Amino acid sequence: MEPLFLSKTDLFRGIPPEDIQSMLGCLKAATKTYQRGEFICREGETVTAMGMVLSGSVSIENDDIWGNRSILDQVSAGQVFAENFACLPGERLMISAVANEPTEVLFLSTDCMFTVCPHACGFHNRLIRNMLTIAARKSLSLSRRIMHTSSKSIRGRLLSYLSFQATQHGCREFDIPFNRQQLADYLSVDRSAMSNELSKMQRDGIITVDRNHFVLLQSDHM
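For the sequence shown, this note's numbering assigns the number 1 to the initial residue and increments by one for each residue that follows.
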């Protein structure tokens with residue numbers, strides 16, 4: 001674990017590397033590596049520690065009883081996951097975390113995070129404030145997904161998501177963080193049906209698309 005890297009993450013933002021090193025002991029920090037496709041934690045399990053991706057990336061997924069999968073989020077290096085469940089002892093996971101590639105994860109005890117530090121760490125309160133900021137941002141992210149999937153049509157869902165991406169990038173031309181299957185899972189639609197709709201949107205002069213690269217065009221057919 002490199003304190004300099006951690007000091008640049010949202011969780012440890014504003015805390016000097018030398019203080020992070022001592023805090024890791026208080027938080028019972030431990031690291032583990034995972035291979036592509038390996039489950040880090042599974043739906044139905046309970047956890048007592050939150051995870052932070054040190055390298056690689058993680059998909060946060062939900063599978064229903066029929067095996068239909070939805071991707072709720074993508075977690076990259078420096079970001080955290082499962083923190084809400086780790087803060088609620090005994091609460092069973094509603095999601096699974098899966099490594100997208102060879103991935104190293106840092107686990108931190110949330111119980112230690114929210115109790116008085118036995119070593120009187122000067123930056124303990126800052127860590128808690130950072131956690132609250134992360135929770136607020138994730139709440140907004142979930143609200144966005146609900147917004148993108150509120151339309152009954154596949155085109156409506158695609159237009160909502162792509163419009164948001166254009167706004168975020170400040171440009172009508174951009175790359176999205178999903179491949180075709182991941183985008184279909186995120187929008188809760190069938191991949192083949194979505195691919196067909198993307199082709200129709202190109203023919204209608206609404207977009208051009210090359211894998212995960214999109215250009216939004218002016219059109220009267222939206």
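All residues carry an ideal CB built from backbone N, CA and C; glycine is no exception. All values derive from a computational prediction rather than experimental measurement.
- Contact between the region 88-98 and the region 42-58 is established, with three or more Cβ pairs separated by less than 8 angstroms.
- Here G56 is buried: its Cβ has 16 or more other Cβ atoms, across all protein chains shown, within 10 Å.
- Residue pairing by DSSP places R69 opposite D63 in a beta bridge.
- Among the bridge pairs identified by DSSP, I207 is matched with L216.
- With a beta-carbon spacing of about 5 angstroms, A30 and F107 fall inside the 8 angstroms limit used to define contacts.
- When beta bridges are read from the DSSP output, F174 appears opposite F214.
- The closest CA to that of V75, considering only E104, W66 and F123, is found on E104.
- In the DSSP assignment, C112 falls within the alpha helix (DSSP H) that extends over T110 to M113.
- Judged by DSSP secondary structure, C41 falls within the beta strand (DSSP E) whose first and last residues are F39 to C41.
- Residue environment for D111: exposed (fewer than 16 other C-beta atoms within 10 angstroms of its C-beta).
- Separation of T208 and D185 (C-alpha to C-alpha, rounded to the nearest whole angstrom) is 21 angstroms.
- M50 places its beta carbon 8 angstroms or farther from that of A99.
- Following the DSSP letters along the chain, one finds L159 inside the alpha helix (DSSP H) bounded by residues I154 to H169.
- In the three-state DSSP reduction, A49 falls in the strand class (E or B).
- The C-alpha of D19 lies about 11 angstroms from the C-alpha of C26.
- The alpha-carbon of I71 is positioned some 34 angstroms away from that of P17.
- The Cβ neighbour count for L88, taken over all protein chains shown within 10 Å, is under 16; the residue is labelled exposed.
- Here M52 is buried, its C-beta having at least 16 other C-beta atoms within 10 Å.
- In terms of CA proximity to Q218, S163 leads the group F5, S163, S199 and Q168.
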